[in-house]
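Quick notes on the structure that follows.
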Amino acid sequence: MKGRKILITGGTGQVARPVAEALAAENEVWCIGRFGTPGVERELRERSVTTWRWDMDEVSGDPLRGLPDDFTHVLHSAVRRGDDGDFNAAAEVNAVAAGRLMRHCRRAEAFLYVSTGAVYKKQTLDHKYTESDPVDGVADWLPAYPVGKIATEGAVRAFAQVLGVPTTIARLNIAYGPGGYGGVPMLYFARMLAGEPIPVPRTGQNWCSLLYTSDLVAQVPRLWEAAATPATLVNWGGDEPVGMTDCVRYLEELSGVPAKLVPSDVTRETYQFDPTLRRRLTGPCTVGWRDGIRRTLAAHHPGHVKPEER
Numbered sequence: 001m002k003g004r005k006i007l008i009t010g011g012t013g014q015v016a017r018p019v020a021e022a023l024a025a026e027n028e029v030w031c032i033g034r035f036g037t038p039g040v041e042r043e044l045r046e047r048s049v050t051t052w053r054w055d056m057d058e059v060s061g062d063p064l065r066g067l068p069d070d071f072t073h074v075l076h077s078a079v080r081r082g083d084d085g086d087f088n089a090a091a092e093v094n095a096v097a098a099g100r101l102m103r104h105c106r107r108a109e110a111f112l113y114v115s116t117g118a119v120y121k122k123q124t125l126d127h128k129y130t131e132s133d134p135v136d137g138v139a140d141w142l143p144a145y146p147v148g149k150i151a152t153e154g155a156v157r158a159f160a161q162v163l164g165v166p167t168t169i170a171r172l173n174i175a176y177g178p179g180g181y182g183g184v185p186m187l188y189f190a191r192m193l194a195g196e197p198i199p200v201p202r203t204g205q206n207w208c209s210l211l212y213t214s215d216l217v218a219q220v221p222r223l224w225e226a227a228a229t230p231a232t233l234v235n236w237g238g239d240e241p242v243g244m245t246d247c248v249r250y251l252e253e254l255s256g257v258p259a260k261l262v263p264s265d266v267t268r269e270t271y272q273f274d275p276t277l278r279r280r281l282t283g284p285c286t287v288g289w290r291d292g293i294r295r296t297l298a299a300h301h302p303g304h305v306k307p308e309e310r
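Numbering (the UniProt record's numbering), first residue to last: 1 to 310.
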């Protein structure tokens, strides 16, 4: 993409920041948010990204007043996760913020909302979820999170049709890579370094569709191209099925750091996607999960990668 005016929320996070920085090379990119991490706003500006303060929790008035409204493309990745367990706040804050953003940017050519695979009703561990699978918004590891996402998906669908904004809703799997905190695989590795137990299913293993940063960045313009009214719904993950236990074992192999896998009834659930629709919209991924894990570990923990694995 070249010469477009792009608005990105959640631009300090694992998903949106690398997109913002990559697109800023040949486009006018704005990131809006609270920028709570010290230094992050300065770092974005150094990468030619324009920043503007916005707090999603402001549910009264017009918190977007003063922000330009001539953006051609929008990526909405910011989220109130619901770590406080307040289901109503998670639903209201996320849905209202998305609606306001779509109203403000109603002239945009394409709006991309980043949802989550955690909205799906859990089936067998190795089930390949398609876009037509049922949802229920149950996630024991962070209960309010999928509820807020489902509520926001509803708001985004409504505003897409009412305002005529071409929209894509992308249900993200696990994004990981050298930027940010590295994604879920690096959370597991932190537990490994600390000698902490990693809960795993009593039988089988959780499966997922890891999406490496460079593939994620490359697919965003294609997801904008797929935007439509009614909104296009697509599962956004990698091409390969990845067992999370296999992933942890591979981290052991790369680093020599042992993992304490503990069978449990409650684990961080993950979901394997059927990539058929996403591949049709974006083309195939280019980074295999083992190569991606190796690169990610080398970026975040270079001292823990065995010489023969570098």
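We put the CB at the ideal spot given by N, CA and C, even for glycine.
Source: prediction; values computed, not measured.
Considering only DSSP beta bridges, list what residue i is partnered with.
i      : result
Val135 : Tyr120
Pro201 : Ser264
Lys5   : Glu28
Arg65  : Per DSSP, none; premise fails for Arg65.
Gly33  : Arg53
Val114 : Ala170
Leu210 : Ile174
Lys128 : Gln272
Starting from the Cα of residue i, find the closest Cα among the options and give me that residue.
i           : options                           : result
Ala190      : Gln272, Pro258 and Asp246         : Pro258
Thr286      : Ser214, Asn235 and Arg53          : Ser214
Gly36       : Ala22, Pro178, Trp141 and Gly11   : Gly11
Val156      : Pro63, Thr167 and Gly148          : Thr167
Gln219      : Val200, Asn235, Pro241 and Asp69  : Asn235
Thr249      : Gly182, Val200, Thr124 and Gly288 : For the sequence presented, residue 249 should be read as Arg rather than Thr. Closest by alpha carbon: Val200.
Ser77       : Ala20, Pro185 and Ala226          : Ala20
Gly33       : Phe87, Val49 and Thr9             : Thr9
Leu172      : Ala160, Thr229, Arg47 and Cys208  : Cys208
Arg280      : Arg222, Phe71 and Phe111          : Arg222
Tyr129      : Arg42, Trp224 and Tyr120          : Tyr120
Glu109      : Leu125, Val96, Leu163 and Glu131  : Leu163
Asp265      : Tyr212, Gly204, Asp133 and Asn88  : Gly204
Pro302      : Pro197, Asp126, Thr267 and Met186 : Met186
Gly238      : Val217, Val29 and Glu43           : Val217
Ala89       : Gly99, Asp57, Arg202 and Gly3     : Asp57
Ala194      : Lys260, Pro178 and Arg42          : Lys260
residue 319 : His127, Leu251 and Gly85          : This structure does not reach residue 319, given that the chain is present from 1 up to 310, and the question cannot be answered.
Gln272      : Leu7, Pro241 and Thr245           : Pro241
Pro146      : Glu153, Glu269 and Gly137         : Gly137
Gly256      : Glu269, Leu277 and Met192         : Met192
Asp274      : Ala231, His127 and Val165         : His127
Met244      : Val184, Pro284 and Leu297         : Val184
Below 8 angstroms on the Cβ atoms is my guess for residue i versus residue j; work out the distance and round it to an integer in Å.
i      : j      : result
Ala91  : Ala151 : 4 angstroms
Pro63  : Asp55  : 6 angstroms
Gln14  : Gly117 : The Cβ separation is near 15 angstroms, so there is no contact.
Leu210 : Trp289 : 5 angstroms
Gln161 : Thr229 : 6 angstroms
Val79  : Leu112 : Contact doesn't hold; Cβ gap of about 14 angstroms is too wide.
Arg294 : Leu233 : About 33 angstroms; that fails the 8 angstroms criterion.
Cys31  : Leu23  : Actually they are not in contact, since the Cβ atoms of Cys31 and Leu23 sit about 11 angstroms apart, beyond 8 angstroms.
Ile169 : Val262 : Actually they do not touch by this definition, with Cβ atoms about 35 angstroms apart.
Please list the terminal residues of the continuous beta strand (DSSP E) segment that includes residue i.
i      : result
Ala175 : Ile174 to Tyr176
Which residue comes first and which comes last in the alpha helix (DSSP H) that contains residue i?
i      : result
Arg149 : The sequence given here places Lys at residue 149; Arg does not occur at that position. Run containing Lys149: Ala144 to Leu163, per the alpha helix (DSSP H) assignment.
Leu44  : Val40 to Glu46
Pro18  : Ala16 to Leu23
Tyr181 : Counting along the chain, Tyr181 falls outside any alpha helix (DSSP H), and DSSP gives it neither H nor E.
Check whether the Cβ of residue i lies closer than 8 angstroms to any Cβ atom in chain B.
i      : result
Gly179 : Among the chains in the structure shown there is no chain B, since it carries only a single protein chain.
In chain order, each beta strand (DSSP E) run of at least 3 residues that lies wholly inside the segment 212–289 = Within the segment 212–289, the runs of beta strand (DSSP E) at least 3 residues long that lie entirely inside it are, in chain order, 232–236 and 260–264.
Entirely enclosed beta strand (DSSP E) segments - the segment 68–94, minimum 3 residues | 73–76
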